[in-house]
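Accompanying notes for the structure given below.
Residue numbers (the working numbering): 437 to 634.
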């Protein structure tokens, strides 16, 4: 019962739409701006760097706090991972937005920062390299998270490798599914680069 309650709490925590809140404070309906996405990239286009940074930090912390609570309560790594996944699901299908939401990149990275810190750093580095070369935030997310299970397999410690590969594979699947539209636009050459206005 405790685990179920923790997973539900993680989902509610993940559901907090920081981008929407930040935009509303600025008098903007984020769902009607740009891509309509609630994440930091769309906030950057709509409101600038400061608001985007706040959104990014808030979305990451949702994942980090969800897993940290599990660690504090000494739950097993599999349940820590499930709490992290629940936070990502909450972001993607927020109860505060009628089960609509974002793409889960920042929240997934927040989960990894505490669930598997070295893999989180590697994922972030890959994302940054791809974005700096191409200026496509979406492509950075797609490439870095597509490589996530492989990186876990190569670099994670043997004791927890199996369960973390499974958790990372689910994270990758969620990221790729939420980026289907971006993949189609990248293929067509119509995807917006970072800094391009809507």
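Even for Gly, the Cβ is constructed at its ideal location relative to N, Cα and C. Predicted, not measured: the structure shown is a model, and the values here were computed from it.
Check                                                                                                           : Outcome
CB contact flag (residue 517, residue 501, <9 Å)                                                                : no
Three-state secondary structure assigned by DSSP to residue 467                                                 : helix
Residues that residue 530 bridges to, as DSSP identifies them                                                   : 536
Sequence-distant residues of its chain with Cβ nearer than 7 Å to residue 540 (five each side left out)         : 524, 527, 528, 610, 611, 614
Beta-carbon proximity of residue 459 to residue 522, cut-off 9 Å                                                : no
For residue 510, the first and last residue of its enclosing alpha helix (DSSP H)                               : Careful: residue 510 lies outside any alpha helix (DSSP H) and carries neither H nor E.
The stretch 594 to 601 contacting the stretch 563 to 570, beta-carbon criterion three pairs below 8 Å           : no
9 Å Cβ cutoff, residue 598 in contact with chain D                                                              : The structure shown contains no chain D; it is built from a single protein chain.
Ranges of the alpha helix (DSSP H) found wholly within the stretch 442 to 489, counting only runs of at least 4 : 454 to 461, 476 to 483
Contact set for residue 454: own chain, Cβ-Cβ below 6 Å, skip 5 residues either direction                       : 491, 494, 495
Cβ neighbour criterion (16 or more within 10 Å) applied to residue 586                                          : exposed
Unbroken alpha helix (DSSP H) run spanning residue 599, endpoints                                               : 594 to 614
Cβ-Cβ separation, residue 498 to residue 452 (assumed contact under 8 Å), whole Å                               : 6 Å
Burial state of residue 519 (16 or more Cβ within 10 Å)                                                         : buried
For residue 626, the first and last residue of its enclosing alpha helix (DSSP H)                               : Counting along the chain, residue 626 falls outside any alpha helix (DSSP H), and DSSP gives it neither H nor E.
Cβ neighbours of residue 592 in the same chain (closer than 7 Å, five flanking residues each side left out)     : 552, 555, 600
DSSP three-state assignment for residue 496, whether helix, strand or coil                                      : helix
Proximity winner among 571, 607, 568, relative to residue 582 (alpha-carbon distances)                          : 607
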